[in-house]
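Position one of the sequence shown corresponds to residue -11 (my numbering), numbered consecutively onward. Written below as structure tokens is the structure these notes are about.
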Amino acid sequence: MSKINVPQEANDSVKGSLETGGGVKLPYPHVFFSFRNGQRVAGKAQGELFYGGFQADQEDLVAYADAVGHREMLDQFTLYEISPRSGNVYNAYMRRSLAIAPIAVRSRWFSTRENKNVLKTQVAALLGVGKPLHCVGAVVVTASGFNQAKNLQSALNDNARMTAGVRREFANSAAPNFFYQFVGTFGDENFEMVGKGENKSPITPIKSYGKVETAEQLEQLYVGDDLVNLIVDYKNQSEDWVNDWKKQDRQRQEDTGYYGEPPELEVPQDEEIPL
């Protein structure tokens, strides 16, 4: 494979975009995914409901798929009826992991109506589906709760660290933004107890699949020359969105998207990239 050559100005433009910073909405089309923790009582046969994974509201994802002209993306997800503790049953498409090319990240604390402080992390990204991966549009991936919000950020950091060598060798140190990375749960179940004392509860931790060692593997994850410019454009359009959470004002913010309970995942024993 010939070396991947991302223009230096593109690399400079996205510098710092994956460092964490209300009401400001992204100006480009996108759909929300939130992480929902797996539940032991669901049983392994229930897939994502047991292992944990990302979910998007059924109506929202169908409308988005039609709007961007990629109805085939729905085949990559499993439709479930979700019964949260609140009792408000809804239908959602789920998948254990997503292949995302991150555009920008934001994180902040929220005050709930019960006066509890909740940390949330959101990642604006391009979503890749299929094999080989192809982009279907932009998404916002959310993790709610201190541990999972940190896990999502750590997954991006881990991927950047684990792919630094191959990106330096085969892509002239191109930024991690320009490569799909898998985040979510992988392999066997992994339930982790978090919290203190009587408030401990299980999560299925969000992780990154970072086994990328060859030029061929890296090439499979490269978004392509055309999408490099789109990521740069979307990153620039995301600045107000990121800065809105950097204000750290004390007013309660309205949540967007769907936030499930905390989840986690194990890195697969399979050495292949999980396309």
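Even glycine gets a Cβ: it sits at the ideal position worked out from N, Cα and C. None of the values given here were measured: they were computed from a predicted structure.
Local Cβ density within 10 Å of residue i, reported as buried at 16 or more and exposed below that
| i | result |
| --- | --- |
| Tyr75 | The displayed chain sequence assigns Gly, not Tyr, to residue 75. With fewer than 16 other Cβ atoms within 10 Å, it is exposed. |
| Ser196 | buried |
| Gln169 | buried |
| Arg28 | exposed |
| Gly133 | buried |
| Arg149 | exposed |
| Asn139 | buried |
| Ala44 | buried |
| Val220 | buried |
| Gly11 | exposed |
| Gly9 | Low confidence applies to Gly9: its pLDDT is 42, below 50, so where it sits in the model is not reliable, and the reading given next is rough at best. Per the 10 Å Cβ criterion, buried. |
| Ala152 | exposed |
| Arg155 | buried |
| Thr130 | buried |
Supposed close pair residue i, residue j - CB separation, criterion 8 Å
| i | j | result |
| --- | --- | --- |
| Glu177 | Phe38 | 7 Å |
| Val56 | Pro120 | Rounded, the Cβ-Cβ distance is 19 Å, inconsistent with contact. |
| His58 | Val124 | 4 Å |
| Gly198 | Asn147 | 5 Å |
Through-space distance from residue j to residue i, alpha-carbon basis
| i | j | result |
| --- | --- | --- |
| Gln46 | Met181 | 30 Å |
| Arg83 | Arg24 | 10 Å |
| Arg73 | Leu49 | 23 Å |
| Asn161 | Phe42 | In the sequence on display, residue 161 carries Ser and not Asn. For Ser161 and Phe42, the distance between alpha carbons rounds to 30 Å. |
| Asp237 | Ser95 | In this predicted model, Asp237 has a pLDDT of only 48, less than 50, meaning its place in the structure is not dependable enough to derive any value. |
| Gln239 | Ala113 | Caution is warranted here: a pLDDT of 48 is assigned to Gln239, below 50, making its placement in the model unreliable, and the coordinate value is therefore given only provisionally. The alpha-carbon atoms of Gln239 and Ala113 are separated by roughly 27 Å. |
| Ile(-8) | Lys188 | 46 Å |
| Ala159 | Ala87 | 19 Å |
| Gly116 | His122 | 5 Å |
| Lys13 | Lys234 | 14 Å |
| Gln208 | Phe65 | 21 Å |
| Gln241 | Trp97 | Confidence in Gln241 is poor, its pLDDT being 47 and thus under 50, which makes the residue's placement unreliable; the coordinate value appears in the next sentence. C-alpha separation (whole angstroms): 9 Å. |
| Asp63 | Val106 | 33 Å |
Reference residue i, options the options, closest by Cα
| i | options | result |
| --- | --- | --- |
| Met61 | Val29, Ala126, Lys199, Ala112 | Ala126 |
| Ile70 | Ala30, Lys138, Leu144 | Ala30 |
| Trp229 | Pro164, Leu218, Gln110 | Gln110 |
| Pro90 | Val211, Trp233, Lys235 | Val211 |
| Tyr222 | Val56, Val77, Ala92 | Ala92 |
| Leu218 | Gln208, Gly183, Trp233, Phe167 | Phe167 |
| Asn145 | Ile194, Glu157, Gly183 | Ile194 |
| Gln(-4) | Ala163, Glu157, Ala137 | Ala163 |
| Ala143 | Ser85, Gly175, Glu157 | Ser85 |
Pair within 7 Å by beta-carbon distance, residue i and residue j
| i | j | result |
| --- | --- | --- |
| Phe20 | Val171 | no |
| Tyr68 | Ala80 | yes |
| Ile191 | Asn135 | yes |
| Gly40 | Thr173 | yes |
Interface flag, residue i vs chain B, CB-CB below 7 Å
| i | result |
| --- | --- |
| Gln(-4) | Included in the structure is just one protein chain, with no chain B present. |
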